[in-house]
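These notes are about the structure you will find just below.
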Amino acid sequence: MIVGEVVGSLWATRKDKKLNGLTFLVVKPFSYDNQNQREYFVAVDNAGAGIGDTVLVTKGSAARISLANADAPVDAVIVGIVDSLEIDHE
Amino acid sequence: MIVGEVVGSLWATRKDKKLNGLTFLVVKPFSYDNQNQREYFVAVDNAGAGIGDTVLVTKGSAARISLANADAPVDAVIVGIVDSLEIDHE
Amino acid sequence: MIVGEVVGSLWATRKDKKLNGLTFLVVKPFSYDNQNQREYFVAVDNAGAGIGDTVLVTKGSAARISLANADAPVDAVIVGIVDSLEIDHE
Amino acid sequence: MIVGEVVGSLWATRKDKKLNGLTFLVVKPFSYDNQNQREYFVAVDNAGAGIGDTVLVTKGSAARISLANADAPVDAVIVGIVDSLEIDHE
Amino acid sequence: MIVGEVVGSLWATRKDKKLNGLTFLVVKPFSYDNQNQREYFVAVDNAGAGIGDTVLVTKGSAARISLANADAPVDAVIVGIVDSLEIDHE
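Chains as they are written, first to last, in the UniProt record's numbering: chain A, 1 to 90; chain B, 1 to 90; chain C, 1 to 90; chain D, 1 to 90; chain E, 1 to 90.
Right under this line is the structure:
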C-alpha cells in the first residue's frame with residue numbers, strides 16, 4: 001500500500017457507467033528520499049478524503065474490494081486518511 | 001488509475017478470437033514533472049475515445065470488468081474521457 | 001497491453017506440468033523514446049507468432065484467460081500479431 | 001516476494017471499516033546493489049513483526065489470502081520474519 | 001514471465017502457516033543490457049531448482065496457481081528450469 005497526498009481531482013462525464021457516483025482524486029505518492037519522485041496517479045476516494053490530506057492507497061484487485069460496488073473497473077482506492085506516519089528506524 | 005493522451009491506434013488481424021470487435025488505442029501517460037516519461041502502452045477503448053483525447057485508464061484485473069465480455073484477455077481499458085483535471089495543491 | 005518484438009525462445013524440460021505444450025517466446029518491448037529500454041521478458045504464444053514478429057502482449061491475470069487451459073501458471077501471453085501501429089498525434 | 005526491514009508504522013482512524021484491527025507497518029525494501037533504492041511502502045502485519053525486523057512481504061492479490069478476512073482491501077502483507085537470507089552465488 | 005538465476009535462499013520460522021513446507025529461493029533477474037540491473041526477489045520453488053540454476057518465474061496471481069495449495073500467499077513461483085534461452089533477432 002502506498003502513502004501519498006491528495007493534490008487534485010478529475011472529472012469525466014463520458015465514462016463507463018459502472019464508475020458513476022465515484023469521486024476521482026489525484027494522489028502524489030510520498031518519496032522518502034526525494035530522489036525518485038514517482039508519478040501522480042488517480043484513485044477513487046473511499047475515505048472522505050480532500051485536497052491536502054495524507055492518504056493510504058490500495059492498488060490492484062484489492063482496490064475494488066473496498067468499494068460497495070465490486071464491479072467498478074477501478075485499480076486504486078483511497079482506503080484511509082493517515083493520522084500519523086512514524087519512521088523510527090533507518 | 002492513469003491519465004494519458006490517446007496518440008495512436010493498433011490493428012491486429014491474427015489475434016485471440018476473444019479480442020474480436022475491440023478497439024486498441026495507444027496511450028501516452030501524462031508525466032507531471034516531465035522528467036521520467038513513461039512508456040506508451042495499448043489500451044482497449046470503452047469510452048468512445050479518439051486521437052487527442054485525454055483519457056482515464058484502468059489497468060490490471062479491473063480492466064476486463066469494464067468490458068461487456070469479461071473473458072477478454074485485456075489488461076488496460078480506457079474507462080473515461082477526462083473533462084477536467086485540476087491539480088490544486090503541490 | 002504492451003507491444004514488442006519476438007526476439008528469441010526458451011526451452012524448459014523440467015517444469016510445472018501445467019505448462020506442458022506451451023511455447024515460450026522472448027519479447028523485447030518497444031521503447032518509443034529509445035531512452036529507457038525496458039527489459040526483455042518471456043511470454044506464452046497464443047497467436048502463432050514467430051521470431052521477428054511485432055506482437056501485442058497481455059500481462060497479469062488476464063494473460064491466462066487467453067489460454068485454453070486457465071490453470072496455466074502464466075503471467076504474460078502474446079494475444080495478437082500486430083499488422084499496423086500508427087502514432088498520429090504527439 | 002520482497003525482503004525488507006520494518007522501519008515504521010502508520011495510524012489511520014478514518015478508514016474503510018474492513019481494515020479495522022489490522023496493523024500497518026512501513027517497510028524499506030532491501031536493495032542488493034544499493035544503487036536503486038526502492039521506495040518504502042506500507043504492509044499489513046500477519047507475522048507479529050516489529051520495528052527493525054527483516055520481513056518477507058507478499059504483494060498483489062496473494063496478500064489478502066494471508067489474512068483471516070479475505071475481504072480486506074490490502075495489497076501488501078508481511079507473511080514472515082526472516083531468520084536468515086543467504087546469497088551464495090553471484 | 002521472468003528469467004533469472006537462483007543465487008540464494010531464505011529461511012523464516014515465524015510465518016503464515018499457509019507457507020509451511022515451501023522453499024524460498026532468491027532470484028537474480030537477467031538483465032539483457034546490463035544497464036538497469038533489476039532487484040533480486042524471493043520466489044517459491046516449484047521446479048526442484050537449486051543454487052546456480054537458470055529459472056523461469058511466474059509472478060502475480062498466476063504464481064499460486066502453480067502450487068498444490070492455491071491458498072498460499074505467494075506472488076512469485078519458479079515454474080521451470082531453463083534448458084536453453086536463444087536470442088535470435090536483435
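Don't be surprised by glycine CBs; every beta carbon is placed ideally from N, CA and C. Every value quoted in this text rests on a predicted model; they were computed, and no experiment measured them.
Notebook entry, point to check: Closest Cβ-Cβ distance between LEU10 (chain A) and chain B: below 9 Å?
Noted result: Locating residue 10 (chain A) in the first sequence gives position 10, where the first residue counts as 1. Yes - at least one Cβ of chain B is within 9 Å of the one on LEU10 (chain A).
Checklist line | Where the beta strand (DSSP E) through ALA76 (chain C) begins and ends | finding: Indexing the third sequence from 1 puts residue 76 (chain C) at position 76. Segment 76-81, the beta strand (DSSP E) holding ALA76 (chain C).
Next item on the list: May I ask you to list, following chain order, the residues of the segment 45-79 of chain E that have a beta carbon less than 7 Å from some beta carbon of chain C?
Entry: ASN46, ALA47, GLY48, LEU56, THR58, LYS59, GLY60, SER61, ALA62, ALA63, ILE65, SER66, VAL77, VAL79
Note to self: With distance defined between alpha-carbon atoms, name the residue in D:ARG38, D:SER9, D:LYS28 nearest to THR54 (chain D).
What the structure shows: Taking the fourth sequence and counting its residues from 1, one reaches residue 54 (chain D) at position 54. Closest by alpha carbon: D:LYS28.
Item checked: Separation of VAL79 (chain D) from HIS64 (chain D), as counted between CA atoms -> Counting from 1 along the fourth sequence, the entry for residue 64 (chain D) is found at position 64. Counting from 1 along the fourth sequence, the entry for residue 79 (chain D) is found at position 79. The question names His, but residue 64 (chain D) is Arg in the sequence shown. So the alpha carbons of these two residues sit roughly 10 Å apart.
Item checked: Cβ-Cβ distance between ILE2 (chain E) and VAL44 (chain C) below 9 Å -> The residue given as residue 2 (chain E) occupies position 2 in the fifth sequence. The residue given as residue 44 (chain C) occupies position 44 in the third sequence. No, they are not a contact pair.
Checklist line | Assigned secondary structure, ARG14 (chain E) (DSSP; H/G/I helix, E/B strand, else coil) | finding: Here the question's residue 14 (chain E) lines up with position 14 in the fifth sequence. Of the three classes helix, strand and coil, the one that applies to ARG14 (chain E) here is strand, per DSSP.
Next item on the list: Return the residues of the segment 9-30 of chain E that lie within a Cβ-Cβ distance of less than 9 Å from chain D, sorted by chain order.
Entry: SER9, LEU10, TRP11, ALA12, THR13, ARG14, LYS15, ASP16, LYS18, LEU19, PHE24, VAL26, LYS28
Check: When DSSP labels each residue in this structure, what does ALA43 (chain C) get in the three-state scheme?
Finding: Within the third sequence, residue 43 (chain C) is the residue found at index 43, counting from 1. Strand at ALA43 (chain C).
Next item on the list: Name the two residues that bound the continuous beta strand (DSSP E) containing SER84 (chain B).
Entry: The count along the second sequence starts at 1 and reaches residue 84 (chain B) at position 84. Note, SER84 (chain B): beta strand (DSSP E), 84-87.
Next item on the list: Tell me whether the beta-carbon of TYR32 (chain C) lies closer than 9 Å to the beta-carbon of ILE87 (chain E).
Entry: Within the third sequence, the letter at position 32 stands for residue 32 (chain C). Within the fifth sequence, the letter at position 87 stands for residue 87 (chain E). Going by C-beta atoms, TYR32 (chain C) is not nearer than 9 Å to ILE87 (chain E).
Item checked: Beta-carbon spacing of SER84 (chain B), TRP11 (chain A) below 9 Å -> By 1-based counting over the second sequence, the position of residue 84 (chain B) is 84. By 1-based counting over the first sequence, the position of residue 11 (chain A) is 11. Going by C-beta atoms, SER84 (chain B) is nearer than 9 Å to TRP11 (chain A).
Notebook entry, point to check: Which chain B residues are close to VAL7 (chain C), counting only those with a beta carbon under 7 Å from its beta carbon?
Noted result: Within the third sequence, residue 7 (chain C) is the residue found at index 7, counting from 1. Those within 7 Å of VAL7 (chain C) in chain B number zero; the least Cβ separation is about 17 Å.
Check: Got a sec: is the Cβ-Cβ distance from GLU39 (chain E) to anything in chain C below 9 Å?
Finding: As a working mapping, residue 39 (chain E) is identified with position 39 in the fifth sequence. No, its Cβ sits nowhere closer than 9 Å to a Cβ of chain C.
Notebook entry, point to check: Once you ignore the five residues that flank ALA47 (chain C) on each side, which residues in its own chain have a CB closer than 7 Å to its CB?
Noted result: On the third sequence, position 47 is the one that residue 47 (chain C) refers to. Same-chain partners within the cutoff: VAL55, ILE78, VAL79, GLY80, ILE81.
Check: Who are the near neighbours of ASP75 (chain E) in its chain, counting only those whose CB is closer than 7 Å to its CB and skipping five residues on each side?
Finding: What you label residue 75 (chain E) is simply residue 75 of the fifth sequence in a count that begins at 1. Contacts found: LYS59, GLY60, ALA63.
Next item on the list: Taking VAL82 (chain A) as the query, report the chain D residues whose CB atoms sit under 7 Å from its CB, ordered along the chain.
Entry: Your numbering for residue 82 (chain A) matches position 82 in the first sequence. The answer, in chain order, is LEU10, ALA12.
Check: Grouping DSSP H, G and I as helix and E and B as strand, with all else coil, what is LEU56 (chain A)?
Finding: Looking up residue 56 (chain A) in the first sequence gives position 56. Of the three classes helix, strand and coil, the one that applies to LEU56 (chain A) here is strand, per DSSP.
Margin query: Pop quiz: VAL6 (chain D) and GLY50 (chain D) are said to be a contact at Cβ under 8 Å. What is the actual Cβ separation, rounded to whole angstroms?
Written below: The residue you call residue 6 (chain D) lines up with position 6 of the fourth sequence. The residue you call residue 50 (chain D) lines up with position 50 of the fourth sequence. Between GLY50 (chain D) and VAL6 (chain D) the Cβ distance is about 7 Å, and since that is below 8 Å, they are a contact.
Item checked: chain A contact residues for VAL3 (chain B), given Cβ-Cβ distances below 9 Å -> As a working mapping, residue 3 (chain B) is identified with position 3 in the second sequence. What VAL3 (chain B) touches in chain A: LEU10, VAL26, TYR40, PHE41, VAL42.
Item checked: ASN69 (chain D) to ASP71 (chain E) span [Cα, whole Å] -> Within the fourth sequence, the letter at position 69 stands for residue 69 (chain D). Within the fifth sequence, the letter at position 71 stands for residue 71 (chain E). In a straight line, the C-alpha of ASN69 (chain D) is about 13 Å away from that of ASP71 (chain E).
Notebook entry, point to check: Among all the DSSP beta bridges, which residues are the ones paired with LEU19 (chain D)?
Noted result: Taking the fourth sequence and counting its residues from 1, the one referred to as residue 19 (chain D) is at position 19. Note: LEU19 (chain D) sits in no beta bridge, so no partner.
Checklist line | Rounded separation between LEU19 (chain A) and THR13 (chain A) - CA only | finding: Taking the first residue of the first sequence as 1, we reach residue 19 (chain A) at position 19. Taking the first residue of the first sequence as 1, we reach residue 13 (chain A) at position 13. Each residue's Cα considered, the two are about 10 Å apart.
Next item on the list: Quick one: grab the DSSP three-state call for SER31 (chain A).
Entry: If you number the first sequence from 1, residue 31 (chain A) lands on position 31. It is coil, neither helix nor strand.
Check: DSSP three-state call for ILE51 (chain B): helix, strand or coil?
Finding: The sequence position of residue 51 (chain B) within the second sequence is 51, counting from 1. In the structure shown, ILE51 (chain B) sits in coil (DSSP, three-state: anything other than H, G, I, E or B).
Next item on the list: Mind checking which residues open and close the alpha helix (DSSP H) that includes ALA72 (chain D)?
Entry: Residue numbering aside, residue 72 (chain D) sits at position 72 when the fourth sequence is read from its first letter. Where ALA72 (chain D) is concerned, there is no enclosing alpha helix (DSSP H), given that its DSSP letter is neither H nor E.
Notebook entry, point to check: Roughly how many whole angstroms lie between the Cα atoms of PHE30 (chain B) and SER9 (chain A)?
Noted result: Counting from one through the second sequence, the residue named residue 30 (chain B) turns up at place 30. Counting from one through the first sequence, the residue named residue 9 (chain A) turns up at place 9. So the two alpha carbons sit approximately 15 Å from each other.
Checklist line | Beta-carbon gap between GLY4 (chain A) and VAL57 (chain A) smaller than 9 Å | finding: Mapped onto the first sequence, residue 4 (chain A) falls at position 4. Mapped onto the first sequence, residue 57 (chain A) falls at position 57. Yes, the pair counts as a contact, with Cβ atoms nearer than the cut-off.
Notebook entry, point to check: Opposite VAL6 (chain A) in the DSSP bridges: which residues?
Noted result: To locate residue 6 (chain A), count along the first sequence from 1; it is residue 6. According to DSSP, VAL6 (chain A) bridges with A:VAL27.
Next item on the list: Note down the Cα distance separating VAL37 (chain D) from ARG38 (chain E), rounded to an integer number of angstroms.
Entry: On the fourth sequence, position 37 is the one that residue 37 (chain D) refers to. On the fifth sequence, position 38 is the one that residue 38 (chain E) refers to. It is worth fixing the name first, because residue 37 (chain D) is Gln in this sequence and not Val. Taking the straight line joining both Cα atoms gives about 11 Å.
Next item on the list: Decide if LYS17 (chain E) is buried, meaning its Cβ has at least 16 other Cβ atoms within 10 Å, or exposed.
Entry: Translated into positions along the fifth sequence, residue 17 (chain E) becomes position 17. Under this definition LYS17 (chain E) is an exposed residue.
Notebook entry, point to check: Where does ARG38 (chain D) sit, in a helix, a strand or coil, going by DSSP?
Noted result: Sequence index remark: in the fourth sequence, residue 38 (chain D) carries index 38 (1-based). Here ARG38 (chain D) sits in coil by DSSP.
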